[in-house]
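Sequences listed follow chains A and B, in order. Position in the first sequence (first residue = 1) + 218 = my numbering. Position in the second sequence (first residue = 1) + 218 = my numbering. We put the CB at the ideal spot given by N, CA and C, even for glycine.
2 protein chains.
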Amino acid sequence: MFSAPTYQGRRSRLATDLGNGLILLVGNIDASMNYRGNPYHFRQDSSFLYFGGPDVPGLAMTIDTATGRSILYGDELTIEDIVWVGPQPTLQEKARKAGFDEVRTMDRLVSDAQKAGDKVHYLPTYRGDNVLRIARWTGRKPEDIQTGFSEALIHSVVSQRSIKSDEEIAEMTWAVDLSGRMHVSVMREAEEGLKESDLASLVTGMCEAEEVTPAYGIILSVDGQTLHNHHHGNTLESGQLVLGDFGAESRMHYAGDITRTFPVDRHFTNKQREVYEVVLDAEILSIEACKPGVAYRDIHLHAARIIANGLKDIGLMKGDCHEAVAAGAHALFFPHGLGHMIGLDVHDMEDLGENLVGYDSDVKRSDQFGLAYLRLARKLQPGFVLTIEPGIYFIPELIDQWRSEKKHADFINYSALEKYRNFGGIRIEDNVLITEKGYQILGDPIPKTVAEVEALRYTV
Amino acid sequence: MFSAPTYQGRRSRLATDLGNGLILLVGNIDASMNYRGNPYHFRQDSSFLYFGGPDVPGLAMTIDTATGRSILYGDELTIEDIVWVGPQPTLQEKARKAGFDEVRTMDRLVSDAQKAGDKVHYLPTYRGDNVLRIARWTGRKPEDIQTGFSEALIHSVVSQRSIKSDEEIAEMTWAVDLSGRMHVSVMREAEEGLKESDLASLVTGMCEAEEVTPAYGIILSVDGQTLHNHHHGNTLESGQLVLGDFGAESRMHYAGDITRTFPVDRHFTNKQREVYEVVLDAEILSIEACKPGVAYRDIHLHAARIIANGLKDIGLMKGDCHEAVAAGAHALFFPHGLGHMIGLDVHDMEDLGENLVGYDSDVKRSDQFGLAYLRLARKLQPGFVLTIEPGIYFIPELIDQWRSEKKHADFINYSALEKYRNFGGIRIEDNVLITEKGYQILGDPIPKTVAEVEALRYTV
């Protein structure tokens, strides 16, 4: 963890920003898998971690905006707990390391929260268990908890968490480096006849060996055209592409989020290489476009035009690229956003509301298919860390639907598309820090060009 | 999955048992890790699975006790869903395979449940999200949902799920066999200088390669004296014991739950062997005591006496073993229950209430330290599957507390205990089916005797 003054500084900025009332940050409890006693691996709430909350279940913290005092709520272990979970540092010790002013038992939170009445500021919740806990503590109805969060608190949290400090960048670099090693291992080991699950097992094993977990569900599939495909049941066949989108969390729970796509064979086919080069161009040029003051939506649209232009060269799109992208025709092939903030969450702060994180008064969200999925749109600032992850996919179900509707027929060569039905999908993704002067790709380089990928596949 | 008539038979038995009202079984939704869009791996509710519910998020089913009709509630995927998750069999197809009479959209559940009014029978919930969903569907208050479950429904579900069919036993055997291979791999690979996490990574990797997940958090530690130790940060040192308690789920989510303990070195020390043999005796004799009609609590107490007697031989306990166990003195070394039911849940049906699953009107729960943790106590029946998992642990914090209180000083040689402070813990566990005539250990044999374990360690 970071130093006590770091956490104290973050909490006192919250108190200053809010100016009134009692700030309540809720730590997670264990998430039940199939019964209370059999939880998923514990994942602490990211904002709770950011403001110094210990990485153990069942806690909460308050910050009194009037006095600036911060209190950690929780119960020390009993001897019976120790028999089951082993000796642990006390909450008092943990609280001291994070610079809290006081530790109180959990039952005190009920009276403290109810004393503050309507002036309790809390964040939106993403677990039903926390809805019920906050309702119990504040004496409000659960249905009111889901809508009664504090927008002022969200803004204050987002403004701090959006700008990564040097020590946060170091954590993220660790996560990206491990993620990169995971990708290199998968690229080395993949071969015809293996199952996707054999490769996924490398990924989980490498995380486990470092005592961390994947930052999100592993995508590792020859069906790369399915954007969030978490099944690993296919056998790798010659002629296919493997799309791997996975990353590790650091021990402090900062995420890495990397995607690479490579052929099951040692070489890309010409057809694969053509499409790959378009995605690679879009990725590299998007990264190079990153600098403070540029709206991320403009980079997204720029990438979309590179993709439309490239697909036109291949003969799959036609007409004016600017018009095609303005109409949303490229979204048949590139139906998702170019990227998102990344930090303690892989989609950083998504629990606080994508529009409050990625959009602002200058840039409003579109409802156009494809662009609507763009999670980050606003102007970049030094200290932002984000993903750049363009892709081109051939999604049979979507192609069939659009063709039957003759959708964007001015921009799409549906007849030429037939030969690409089983192509799959290609995505390439890196994690990028916005610096004062431009950008920096986090972590050690991971093979990315056709030559680099083929060279790695050849050394096997 | 099993055949449609199997699921229809199970549901119609529920309807007959209940006799009135509308039975509502709730499928799980995705469990949020750090925001809604980043869920843990999906785990369907076990009772929902048992009664034919498909293994996908966001569903529910009802069974009308008057007509016997069963309805599956859920929403078909949209084209936008398919872009993200890929094409899937329709709910209609899934429902047909499980013999449902009808599929209705989720919004119909609100009117259907409210029409049934007070006569909706549902099971206890272990996820806050489901509390909120049931409250919304039934129009009741969330705080009432947590207490308003149907005890009649619990009894009916428990009576069916407690008796495993041959096809269930086949699934469980698959899970135990994979779990056994995981243990053998760990025993083969373990050596001085490796980290616990290196071994844990073998376990997760082997599960991932089979497209399944561990049935519960992996315990794999040189600190075996901590009963539920999920940290894997220690480095294996010569002279230590490694306790591994882990198992896989089958693809249909039946659990395996196996424990083995072995030395980091190739041989047990004499001191380790002495204690190991006591645990092994307790395990083997407990298994051999299993047959219909015997109360599991009696087998637990028998195991406790074997442990007390063995520790007396070693010089760590003294006095009369029957008296020591009746007083609870053995619980310093054996503080947990001998085992539990196992099936779709590793602690089978624990969400329905341990006392309603493991106890009955003949056998009531004790509040004595140690015995209070016994999850199964009632008389065994053919078709029960349960774990047998005695252990001996040297828990410094517990020893210190008991000694300072002079607790059970008539039965415990506290002075001799000093040399065992860093011993760790030993547990041995198998999964056992109760047959008409006695018992059957599930799965292929896994090295268990000192000779077998040392032979395996020697072939490395």
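When burial is assigned at 16 or more other CB atoms within 10 Å of the CB, is Glu654/A buried or exposed?
Here Glu654/A is exposed: its Cβ has fewer than 16 other Cβ atoms, across all protein chains shown, within 10 Å.
Excluding five sequence neighbours on each side, which residues of the same chain lie with their C-beta closer than 7 Å to the C-beta of Ser584/A?
When the five nearest sequence neighbours on each side are left out, the beta carbons in the same chain lying within less than 7 Å of the beta carbon of Ser584/A are those of Ala590, in order along the chain.
First and last residue of the uninterrupted beta strand (DSSP E) at Pro481/A
For Pro481/A, the enclosing beta strand (DSSP E) begins and ends at 476-481.
Is DSSP giving Ala331/B helix, strand or coil here?
Ala331/B falls in the helix class under three-state DSSP.
May I have the straight-line CA-CA distance separating Met535/A from Leu519/A, to the nearest angstrom?
Put simply, the backbone Cα of Met535/A is about 16 Å away from that of Leu519/A.
Tell me, which residues are paired with Val650/A by DSSP?
For Val650/A, the pairing in a beta bridge is given by DSSP as Leu604/A, Ile659/A.
Can you tell me whether His339/A is helix, strand or coil according to DSSP?
Strand at His339/A.
Within 8 Å, strictly: CB atoms of Pro665/A and Met405/A
Yes, these two residues count as a Cβ contact at 8 Å.
Let me make sure I understand the geometry here. Which of Asn640/A, Phe641/A, Ser622/A has the alpha-carbon closest to that of Tyr632/A?
Nearest Cα to Tyr632/A within the set Asn640/A, Phe641/A, Ser622/A: Ser622/A.
Measure from the C-beta of Trp302/B to each C-beta in chain A and report whether the shortest distance is under 8 Å.
For Trp302/B, the answer is yes, since a Cβ of chain A falls inside 8 Å of its Cβ.
Go to Asp685/B, then tell me how far its alpha helix (DSSP H) extends in each direction, as first and last residue.
This structure cannot speak to residue 685/B, because chain B is shown only from 219 to 678.
First and last residue of the uninterrupted beta strand (DSSP E) at Tyr611/B
Its beta strand (DSSP E) spans residues 609-611.
Against chain A: residues of the segment 354-372 of chain B by CB proximity under 7 Å
Contact annotation: in the segment 354-372 of chain B, residues whose CB is within less than 7 Å of a CB in chain A are Pro360.
What does the alpha-carbon distance come out to for the pair Pro360/A and His450/B?
For the pair Pro360/A and His450/B, the Cα-to-Cα distance works out to about 38 Å.
Simplified DSSP assignment, three categories, for Met424/A:
Helix.
Nearest neighbour of Tyr253/A, chosen from Leu242/B, Ser265/B, Ser374/B, Gly271/B [CA to CA]:
In terms of Cα proximity to Tyr253/A, the closest of Leu242/B, Ser265/B, Ser374/B, Gly271/B is Ser265/B.
Run the CB neighbour count on Gly237/B, radius 10 Å, all protein chains shown included, and call it buried at 16 or more, exposed below.
Residue burial annotation: Gly237/B is exposed, with fewer than 16 other C-beta atoms found within 10 angstroms of its C-beta.
Return the bridge partner residues of Ser250/A from the DSSP annotation.
Pro257/A.
Within 8 Å (strictly less), CB to CB, does Leu454/B reach chain A?
Taking Cβ atoms only, chain A never reaches closer than 8 Å to Leu454/B, which makes this a no.
Give me the Cβ distance between Pro600/B and Arg639/B, rounded to the nearest whole Å; I'm assuming they're in contact under 8 Å.
The Cβ separation is near 44 Å, so there is no contact.
Any chance the segment 426-440 of chain A sits against the segment 410-428 of chain B, with 3 or more Cβ pairs inside 8 Å?
Because the criterion of three Cβ pairs below 8 Å is met, the segment 426-440 of chain A and the segment 410-428 of chain B touch.
In whole angstroms, what separates the C-alpha of Ser221/A from that of Gly335/A?
Their backbone Cα atoms lie some 32 Å apart in a straight line.
Quick one: is Asn256/A near chain B, going by C-beta distance under 8 Å?
Output row for Asn256/A: interface = yes.
Specify the secondary structure class of Thr224/B as computed by DSSP and reduced to three states.
Helix, per DSSP.
For chain B, check one thing: does any of its Cβ atoms lie closer than 8 Å to the Cβ of Gln599/A?
It does not; no Cβ of chain B falls within 8 Å.
Does the Cβ-Cβ distance between Ala521/B and Glu467/B come in under 8 Å?
With respect to the 8 Å criterion, Ala521/B and Glu467/B are not classified as neighbours on the basis of their beta carbons.
At a cut of 8 Å, does the segment 301-308 of chain B reach the segment 440-456 of chain A through at least three beta carbon pairs?
Flag = yes, the segment 301-308 of chain B and the segment 440-456 of chain A touch.
Could you tell me whether any Cβ in chain A is nearer than 8 Å to the Cβ of Leu529/B?
With 8 Å as the cut-off, Leu529/B does not count as an interface residue toward chain A.
Segment contact flag, the segment 267-282 of chain B with the segment 239-255 of chain B, C-beta cutoff 8 Å, min 3 pairs:
Short answer: they touch.
Bridge-paired residues (DSSP) for Thr162/A:
Since the first and last residues shown for chain A are 219 and 678, residue 162/A lies out of range.
With burial defined as no fewer than 16 other Cβ atoms inside 10 Å of the residue's Cβ, what is the status of Gly533/B: buried or exposed?
By the C-beta density criterion, Gly533/B is exposed, having fewer than 16 other C-beta atoms within 10 angstroms.
Taking 8 Å as the CB-CB limit, is Thr487/A close to chain B?
At a cut-off of 8 Å between C-beta atoms, Thr487/A does not count as an interface residue with respect to chain B.
Please report the residue range of the beta strand (DSSP E) in which Phe266/A lies.
That residue, Phe266/A, is in no beta strand (DSSP E); its alpha helix (DSSP H) goes 264-268.
Asn573/B burial status per 10 Å Cβ neighbour count (16 or more: buried)
When all chains shown are included, Asn573/B counts as exposed.
Tell me the DSSP secondary structure of Tyr676/B in three-state form.
The answer is helix: DSSP assigns Tyr676/B an H, G or I state.
Return no unless some Cβ of chain A is closer than 8 Å to the Cβ of His548/B.
Residue contact with chain A for His548/B: absent (no Cβ-Cβ distance below 8 Å to any residue of chain A).
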